[in-house]
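A.B. asks: Sharing a structure, written as structure tokens. Questions coming.
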Amino acid sequence: MEDFSILESAPEAQMSYHQHLAGNGSRFANFIVDRIAFVGFVFLIGLASGVLGIGGFWVQLENNRLLDIVFSMILYAIFMFLQESIFKTSLGKLITGTKIISVNDHPLTTGQILARSFSRIIPFEPFSFLGSSVGWHDKISETRVVRKSFLPAFASEWGPI
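Mind the numbering: the sequence shown is residues 1 to 161 in the working numbering, read in order.
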């Protein structure tokens, strides 16, 4: 008789990331912490530009609401891109114990991080999490946010977590 025990255990050994997705509570906490960090980042930029005497740009933004919104959205995308490309995570994810992974079992690419970052500026994107823990910026970039307790086999390529 043939031994099929290896075949039977294979699906269990290859646990799907779907079972380890970060919940909506963690995702909401990530959002709040990252927004607070962004406000601090903008404050520091404003402070530095005031000290350097180049604060006139901020006054122009204050007088043009549409330009202010567009500039803030682009600056937020850049802020998130810098965090996720340098650290492979954001401050919110670091605090909540979650991590970004690629759905294709490969390390994150710069293109995926860029897609994640700039798809966040889609209007009403935060509402894409209602009813699902996978948002539009996850779907567009083919990434997922999982609990750190689940890391795929290639995670050692990421360096320290």
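Each residue gets a CB set at the ideal place from its N, CA and C atoms; glycine is no exception. Since the model is a prediction, treat every value here as computed from it, not as a measurement.
Just checking, does the region 21-35 make contact with the region 117-134 on the three C-beta pairs under 8 Å criterion?
C.D. replies: Because the criterion of three Cβ pairs below 8 Å is met, the region 21-35 and the region 117-134 touch.
A.B. asks: Please report the Cβ distance between Ile74 and Val33, rounded to the nearest whole angstrom; I am assuming they are in contact, meaning their Cβ atoms lie under 8 Å.
C.D. replies: Numbered from 1 along the sequence shown, position 74 holds the residue referred to as residue 74. Numbered from 1 along the sequence shown, position 33 holds the residue referred to as residue 33. In fact, because the Cβ distance is near 21 Å, the residues do not count as touching under 8 Å.
A.B. asks: If contact is defined by three or more beta carbon pairs under 8 Å, each pair taking one atom from either stretch, is the region 50-70 in contact with the region 88-102?
C.D. replies: Because the criterion of three Cβ pairs below 8 Å is not met, the region 88-102 and the region 50-70 do not touch.
A.B. asks: On the three-state DSSP scale, how would you describe Lys139?
C.D. replies: Taking the first residue of the sequence shown as 1, we reach residue 139 at position 139. When DSSP states are grouped into helix, strand and coil, Lys139 belongs to the helix group.
A.B. asks: Which one of Leu91, Ile122 and Gln112 has the shortest CA to CA distance from Ile101?
C.D. replies: Counting from 1 along the sequence shown, the entry for residue 101 is found at position 101. Of the listed residues, the one whose Cα sits closest to Ile101 is Gln112.
A.B. asks: With 16 other CB atoms within 10 Å as the buried threshold, where does Val70 fall?
C.D. replies: Walking along the sequence shown from the start, residue 70 turns up at place 70. The residue in question, Val70, is exposed, as its Cβ has fewer than 16 Cβ neighbours within 10 Å.
A.B. asks: Just the Cα atoms here: how many angstroms apart are Val42 and Ala48?
C.D. replies: Sequence index remark: in the sequence shown, residue 42 carries index 42 (1-based). Sequence index remark: in the sequence shown, residue 48 carries index 48 (1-based). In this model, Val42 and Ala48 are separated by some 10 Å (Cα to Cα).
A.B. asks: Can you round the beta-carbon distance between Phe38 and Phe79 to whole angstroms, since I take them to be within the 8 Å contact cut?
C.D. replies: Taking the sequence shown and counting its residues from 1, one reaches residue 38 at position 38. Taking the sequence shown and counting its residues from 1, one reaches residue 79 at position 79. Correct: roughly 5 Å between the Cβ atoms.
A.B. asks: Can Val146 and Ala22 be called in contact, C-beta distance under 8 Å?
C.D. replies: Looking up residue 146 in the sequence shown gives position 146. Looking up residue 22 in the sequence shown gives position 22. Taking 8 Å as the Cβ cut-off, Val146 and Ala22 qualify as a contacting pair.
A.B. asks: Taking the alpha-carbon positions, what's the Gly55 to Ile45 distance?
C.D. replies: For this step, residue 55 is matched to residue 55 along the sequence shown. For this step, residue 45 is matched to residue 45 along the sequence shown. For Gly55 and Ile45, the distance between alpha carbons rounds to 10 Å.
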